[in-house]
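Student:
See the structure below:
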């Protein structure tokens, strides 16, 4: 997993899953390896706001995103996509049983090194309503 890079072969769903799984195993094979992988899949526009990597690491380790680093279970909502934009909700169950939601917004890059690759533009935390399937309550 450590060598994962954006690639046109990855669908937006795969990009979200790669980032969630990498963050959940953040210190494998070395400290903050998962955060590095997630940062690689951040779009250039996202990196202009959240980068460089050291700043991104502090942000992800903060209270808004920290549940991504220590979740017990991930539920993936249905992707909503057009030709070059996509959104997907993910609900994480934390170690203490709380549910935390994140909405991933992605775009297919048009120019540069990652042209035609899906990359994450933003991740927004949201409150999860209680119920049998929280993804249907967004």
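In this note's numbering, the protein residues as written are 225 to 362.
Beta carbons: idealized from backbone N, C-alpha and C, even for Gly.
1) Would you report the Cα separation of residue 351 and residue 313, rounded to the nearest angstrom?
2) Measuring alpha carbon to alpha carbon, tell me which of 332, 296, 260 and 337 ends up nearest residue 237.
3) Taking its Cβ as the centre, do 16 or more other Cβ atoms sit within 10 Å of residue 344, making it buried, or is it exposed?
4) If you drop the 5 nearest sequence neighbours on each side, which residues of the same chain put their C-beta closer than 7 Å to that of residue 230?
5) Where does residue 362 land, buried or exposed, given buried means 16+ other C-beta within 10 angstroms?
6) Where do the N-terminal and C-terminal ends of the beta strand (DSSP E) with residue 316 fall, by residue?
7) If you reduce the DSSP assignment to three classes, tell me which class residue 302 lands in.
8) Going by other Cβ atoms of all chains shown within 10 Å of its Cβ, with 16 needed for buried, is residue 250 buried or exposed?
9) Between which residues of its own chain and residue 247 is the CB-CB distance below 6 Å, once the five residues before and five after are set aside?
10) Run through DSSP, which three-state label would residue 247 get?
11) Taking the alpha-carbon positions, what's the residue 296 to residue 323 distance?
12) Just to check my reading of the structure: residue 311 and residue 326 have Cβ atoms closer than 8 Å, yes? What is that Cβ distance to the nearest angstrom?
13) Beta carbon of residue 298, beta carbon of residue 242: below 8 Å?
14) Residue 350 lies in the beta strand (DSSP E); which residues open and close that run?
15) By DSSP's criteria, residue 323 is part of a beta bridge. Which residues make up the other side?
Tutor: Walking through what the data contain:
1) In the chain shown, residue 351 corresponds to position 127, counting from 1. In the chain shown, residue 313 corresponds to position 89, counting from 1. Their backbone Cα atoms lie some 11 Å apart in a straight line.
2) Working through the chain shown from its first residue, we reach residue 237 at position 13. Checked all of 332, 296, 260 and 337; the closest Cα to residue 237 is 332.
3) The residue you call residue 344 lines up with position 120 of the chain shown. Sixteen is the threshold: when 16 or more other Cβ atoms of the shown chains lie within 10 Å of the Cβ of residue 344, as they do, the residue is buried.
4) Your numbering for residue 230 matches position 6 in the chain shown. Here residue 230 has 264, 265, 338, 341 and 343 as same chain residues with Cβ atoms under 7 Å from its own Cβ, once five neighbours each way along the sequence are excluded.
5) Counting from one through the chain shown, the residue named residue 362 turns up at place 138. Caution applies to residue 362, whose pLDDT of 48 falls short of 50 and renders its modelled position unreliable; the value that the coordinates give is listed next. Taking all protein chains shown into account, residue 362 has fewer than 16 neighbouring C-beta atoms within 10 Å of its C-beta and is therefore exposed.
6) Within the chain shown, residue 316 is the residue found at index 92, counting from 1. Residue 316 -> beta strand (DSSP E) spans 309-318.
7) Position 78 of the chain shown, counted from the first residue, corresponds to residue 302. It is coil, neither helix nor strand.
8) Translated into the one-based positions of the chain shown, residue 250 becomes position 26. Classification for residue 250: buried.
9) Taking the chain shown and counting its residues from 1, one reaches residue 247 at position 23. Residues of the same chain with a CB within less than 6 Å of the CB of residue 247, apart from the 5 flanking positions on each side, are 258, 262, 292 and 293 in chain order.
10) Residue numbering aside, residue 247 sits at position 23 when the chain shown is read from its first letter. If DSSP states are grouped into helix, strand and coil, residue 247 belongs with the helices.
11) Taking the first residue of the chain shown as position 1, residue 296 is located at position 72. Taking the first residue of the chain shown as position 1, residue 323 is located at position 99. The straight-line gap from Cα to Cα measures roughly 10 Å.
12) Locating residue 311 in the chain shown gives position 87, where the first residue counts as 1. Locating residue 326 in the chain shown gives position 102, where the first residue counts as 1. Incorrect: roughly 11 Å between the Cβ atoms, too far for contact.
13) For the purposes of this step, residue 298 is taken as residue 74 along the chain shown, with counting starting at 1. For the purposes of this step, residue 242 is taken as residue 18 along the chain shown, with counting starting at 1. For residue 298 and residue 242, no; Cβs fall outside 8 Å.
14) Position 126 of the chain shown, counted from the start, is the residue given in the question as residue 350. Judged by DSSP secondary structure, residue 350 falls within the beta strand (DSSP E) whose first and last residues are 342-351.
15) What you label residue 323 is simply residue 99 of the chain shown in a count that begins at 1. Per DSSP, the beta bridge partners of residue 323 are 317.
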